[in-house]
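Asks: Take the sequence shown: its letters are residues 93 to 521, numbered as in the working numbering.
Dropping a structure here in structure tokens format, bear with me for questions.
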Amino acid sequence: MIEVIIATAILVNRNMNNGEQRRLNGEAEEDEDEDDANNGGLAAWERAYADERSWESLQEDESGLLQPIDNQSLKHAQYRRRLRAASTARIQKGLIRYLYIVIDLSKAAAEMDFRPSRMGVVAKHVEAFIIEFFYQNPLSQVGLVTIKDGVAHCLTDLGGSPNSHVKALMGKLECSGDSSLQNALDLVHGYLEQIPSYGHREVLILYSALSTCDPGDIMETIQKCKKSKIRCSVIGLSAEIFICKHLCQETGGLYYIALDEPHLKELILEHAPPPPAIAEFAIANLIKMGFPQRAAEGSVAICSCHKEAKVGGGYTCPRCKARVCDLPTECRICGLTLISSPHLARSYHHLFPIVPFDEVSPSLLIDQQNKFPRACFGCQQSLLNPGPIRKLGSLVILCHNAIVPQHVSRCSLRKQHLAAFECNNDKTT
Numbered sequence: 093m094i095e096v097i098i099a100t101a102i103l104v105n106r107n108m109n110n111g112e113q114r115r116l117n118g119e120a121e122e123d124e125d126e127d128d129a130n131n132g133g134l135a136a137w138e139r140a141y142a143d144e145r146s147w148e149s150l151q152e153d154e155s156g157l158l159q160p161i162d163n164q165s166l167k168h169a170q171y172r173r174r175l176r177a178a179s180t181a182r183i184q185k186g187l188i189r190y191l192y193i194v195i196d197l198s199k200a201a202a203e204m205d206f207r208p209s210r211m212g213v214v215a216k217h218v219e220a221f222i223i224e225f226f227y228q229n230p231l232s233q234v235g236l237v238t239i240k241d242g243v244a245h246c247l248t249d250l251g252g253s254p255n256s257h258v259k260a261l262m263g264k265l266e267c268s269g270d271s272s273l274q275n276a277l278d279l280v281h282g283y284l285e286q287i288p289s290y291g292h293r294e295v296l297i298l299y300s301a302l303s304t305c306d307p308g309d310i311m312e313t314i315q316k317c318k319k320s321k322i323r324c325s326v327i328g329l330s331a332e333i334f335i336c337k338h339l340c341q342e343t344g345g346l347y348y349i350a351l352d353e354p355h356l357k358e359l360i361l362e363h364a365p366p367p368p369a370i371a372e373f374a375i376a377n378l379i380k381m382g383f384p385q386r387a388a389e390g391s392v393a394i395c396s397c398h399k400e401a402k403v404g405g406g407y408t409c410p411r412c413k414a415r416v417c418d419l420p421t422e423c424r425i426c427g428l429t430l431i432s433s434p435h436l437a438r439s440y441h442h443l444f445p446i447v448p449f450d451e452v453s454p455s456l457l458i459d460q461q462n463k464f465p466r467a468c469f470g471c472q473q474s475l476l477n478p479g480p481i482r483k484l485g486s487l488v489i490l491c492h493n494a495i496v497p498q499h500v501s502r503c504s505l506r507k508q509h510l511a512a513f514e515c516n517n518d519k520t521t
């Protein structure tokens with residue numbers, strides 16, 4: 093009799109627990125339905141644009157451009173970049189980089205959590221990255237590799253022409269099949285293994301899939317990349333994957349997951365400046381370079397890079413007198429690296445960055461006793477408006493919008509390029 097009573101009590105308790113659980117689940121479903129109703133059935137990416145009266149968060153500046161009123165996130169991002177730049181100052185960096193960009197074009201890239209799709213967003217930001225990469229690293233070269241149907245395809249070989257890379261990428265945007273990380277690593281390893289020792293070998297992988305379908309042991313491939321001094325970095329568009337994290341840890345690269353499109357853009361552009369060189373791989377080498385002269389406009393010569401006759405323009409190799417179209421490049425006849433002096437100077441500034449900027453309170457500018465300029469040295473805008481102001485040395489005053497991580501970029505107000513400023517006692521150049 094006692095056993096029957098105990099069994100009945102347990103059954104009643106279970107029924108009560110089940111009823112309570114169903115009630116809680118029902119309330120949760122009602123809450124989700126209310127949230128969906130409040131959001132109008134919008135997807136996650138659409139809710140960022142569904143705020144009421146979103147135009148009120150913008151204001152017009154002196155030059156007629158729209159700027160966000162609350163730009164704290166922008167300031168925090170710039171502050172983080174400044175700290176990161178300060179931590180890597182005076183550190184040896186690779187100026188001659190050989191970078192392969194691996195783009196995942198498997199069926200996972202067709203997902204529409206990024207609009208219009210992961211593939212479309214990645215292609216847009218890769219195009220911007222290639223242009224910025226060559227602007228900051230004119231002596232470096234880039235190649236493109238795609239992954240789809242379990243096979244890695246070399247879209248473009250290593251080269252210094254951003255237009256050819258962008259054109260090839262935009263013509264091959266099709267998603268299908270599975271992704272194979274091992275095949276991509278094997279392909280880029282075969283190309284980068286032939287790079288001279290003075291070149292820094294890098295791989296940037298934009299990965300959309302949650303798995304990898306490999307024909308062999310990917311761990312052996314990772315060790316081959318590590319032995320060949322290939323630095324592999326991965327930017328994921330889905331969730332964190334162990335094999336990608338392990339790849340970056342073994343090769344000294346970076347692994348991040350993009351939260352949204354602005355975050356993805358920021359992560360990709362972080363790879364434009366040269367990374368610090370690994371101590372055991374940092375070898376000083378002397379490299380022969382040629383500074384060719386531009387040919388006369390009316391001259392006719394056969395271009396060695398395109399193997400066709402061209403009229404006017406081009407550059408003549410100082411060693412073998414071959415004609416090339418653009419700089420920087422490598423002579424197809426004698427193999428001499430051909431550059432111009434601005435290219436060399438643009439790469440050189442990564443090694444010797446200017447001193448950090450000091451913040452100046454706007455009240456100091458209003459004070460008549462202080463002989464500070466009233467306009468930004470970079471964009472010539474007034475500094476009397478509230479906002480962060482930076483000072484370099486004692487003469488150069490720059491507004492918050494003119495401060496950039498590399499100090500060589502475009503001013504957001506004038507859309508013009510700024511030169512690198514250096515303070516030398518009482519003289520500023």
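Glycine included, each C-beta is placed from N, C-alpha and C at the ideal position.
Which residue or residues does DSSP assign as beta-bridge partners of M204?
Replies: DSSP output for M204 lists no bridge partner at all.
Asks: Tell me which same chain residues have a C-beta within less than 8 angstroms of the C-beta of S325, skipping the five on either side of it?
Replies: These residues qualify, in order along the chain: E294, V295, L296, I297, C340, G345, L346, Y347 and H363.
Asks: Excluding sequence positions up to five away, which residues of its chain have a Cβ less than 8 angstroms from the Cβ of Y290?
Replies: Excluding sequence neighbours, Y290 sits near I188, I375, N377 and I379.
Asks: Which partner residues of E152 appear in the DSSP bridge assignment?
Replies: E152 pairs with L158.
Asks: With DSSP collapsed to three states, give me the class of G235.
Replies: The answer is strand: DSSP assigns G235 an E or B state.
Asks: Quick one: using the 10 Å Cβ neighbour count with 16 as the cut-off for buried, is R207 buried or exposed?
Replies: It is exposed - the Cβ of R207 has fewer than 16 other Cβ atoms within 10 Å.
Asks: Could I get the ranges of all uninterrupted alpha helix (DSSP H) runs contained in the segment 344-386, with 4 residues as the minimum, in chain order?
Replies: You should have 353-361.
Asks: What separation, rounded to the nearest whole angstrom, lies between the Cα atoms of L83 and E353?
Replies: Absent from the structure is residue 83, since the part of the chain shown begins at 93 and ends at 521.
Asks: Does the distance from the CB of V214 to the CB of L356 come in under 9 angstroms?
Replies: Yes, Cβ-Cβ distance for V214 and L356 is below 9 angstroms.
Asks: If you pair each beta-carbon of the segment 313-331 with each one of the segment 219-235, do three or more pairs fall below 8 angstroms?
Replies: The segment 313-331 is not in contact with the segment 219-235.
Asks: Does the beta carbon of K216 fall short of 8 angstroms from some heavy atom of the ligand SAH?
Replies: The model depicted lacks the ligand SAH and carries no ligand whatsoever.
Asks: In whole angstroms, what separates the C-alpha of R106 from that of S272?
Replies: In this prediction, R106 scores a pLDDT of 47, lower than 50, which makes its location untrustworthy; no coordinate-derived value is stated.
Asks: Quick check on the DSSP output: the alpha helix (DSSP H) that includes R210 runs from which residue to which?
Replies: First-last of the alpha helix (DSSP H) with R210: R210 to Q228.
Asks: Could you tell me which residues DSSP puts in a beta bridge with C324?
Replies: C324 pairs with V295.
Asks: So C246 is in the alpha helix (DSSP H); what residue range does that whole segment cover?
Replies: First-last for C246: V243 to G251, but that is the beta strand (DSSP E), not the alpha helix (DSSP H).
Asks: In terms of residues, what are the limits of the beta strand (DSSP E) holding I195?
Replies: Counting along the chain, the beta strand (DSSP E) containing I195 begins and ends at R189 to D196.
Asks: Just checking, does the segment 224-232 make contact with the segment 259-268 on the three C-beta pairs under 8 angstroms criterion?
Replies: Touching, no.
Asks: Which residues in the same chain as A276 place their Cβ atom closer than 8 angstroms to its Cβ, once the five residues preceding and following it in sequence are excluded?
Replies: V194, V237, I239, A244 and I297, listed in sequence order.
Asks: Identify the continuous alpha helix (DSSP H) that holds E285 and give its terminal residues.
Replies: Run containing E285: none; DSSP gives neither H nor E here.
Asks: Check whether chain B comes within 9 angstroms of E400, counting only Cβ atoms and requiring the distance to be less than that.
Replies: Absence of chain B from the displayed structure is noted, only one protein chain being present.
Asks: Measure the C-alpha to C-alpha separation of K319 and M311 and round it to an integer number of angstroms.
Replies: Near 12 angstroms, if we compare the C-alpha coordinates of M311 and K319.
Asks: Please look up how many angstroms separate the CB atoms of A301 and D196, rounded, as I've assumed it's under 8 angstroms.
Replies: Indeed they touch by this definition, with Cβ atoms about 6 angstroms apart.
Asks: Between L359 and I287, what straight-line distance do the alpha-carbon atoms span, to the nearest angstrom?
Replies: Straight-line Cα distance between these residues: approximately 26 angstroms.
Asks: Near I314, what residues of its chain come up, given a Cβ to Cβ distance below 6 angstroms and the 5 sequence neighbours on each side ignored?
Replies: Only L339 and E342 meet the Cβ criterion.
Asks: Let's test the definition: count the other Cβ atoms within 10 Å of the Cβ of H435 and tell me whether it reaches 16, buried, or not, exposed.
Replies: Buried, because 16 or more other Cβ atoms sit within 10 Å of the Cβ of H435.
Asks: Can you give the Cα-Cα distance for A201 and T304, rounded to whole angstroms?
Replies: Distance between the alpha carbons of A201 and T304 is about 13 angstroms.
Asks: Does the distance from the C-beta atom of Y299 to that of S330 stay below 9 angstroms?
Replies: Yes, Cβ-Cβ distance for Y299 and S330 is below 9 angstroms.
Asks: Determine, using beta carbons only, whether S198 and D270 come nearer to each other than 9 angstroms.
Replies: Result yes, Cβ atoms of S198 and D270 sit closer than 9 angstroms.
Asks: With distance defined between alpha-carbon atoms, name the residue in P366, D241 and C417 nearest to E389.
Replies: Of the candidates P366, D241 and C417, the one whose C-alpha sits nearest the C-alpha of E389 is C417.
Asks: When the Cα of F383 is compared with those of R424, K413, L430 and E422, which residue comes out closest?
Replies: Comparing Cα positions, the closest option is L430.
Asks: Kindly indicate which residue of G252, S209 and C409 has the alpha-carbon position closest to the one of Q385.
Replies: Among G252, S209 and C409, the Cα nearest to that of Q385 is on C409.
Asks: Could you check whether R411 and C423 sit closer than 9 angstroms to each other, using their CB atoms as the reference points?
Replies: Their beta carbons are under 9 angstroms apart, which means C423 touches R411 by this criterion.
Asks: Among the residues of its own chain, which have a CB less than 8 angstroms from the CB of L158, if the five just before and after it don't count?
Replies: Same-chain partners within the cutoff: L150, Q151 and E152.
Asks: Tell me the DSSP secondary structure of I314 in three-state form.
Replies: Helix at I314.
Asks: Along the beta strand (DSSP E) that carries K402, what are the first and last residues, could you check?
Replies: Its beta strand (DSSP E) spans residues E400 to V403.
Asks: Considering only their Cβ atoms, is the gap separating P366 from H292 smaller than 9 angstroms?
Replies: Yes, the Cβ-Cβ distance between H292 and P366 is below 9 angstroms.
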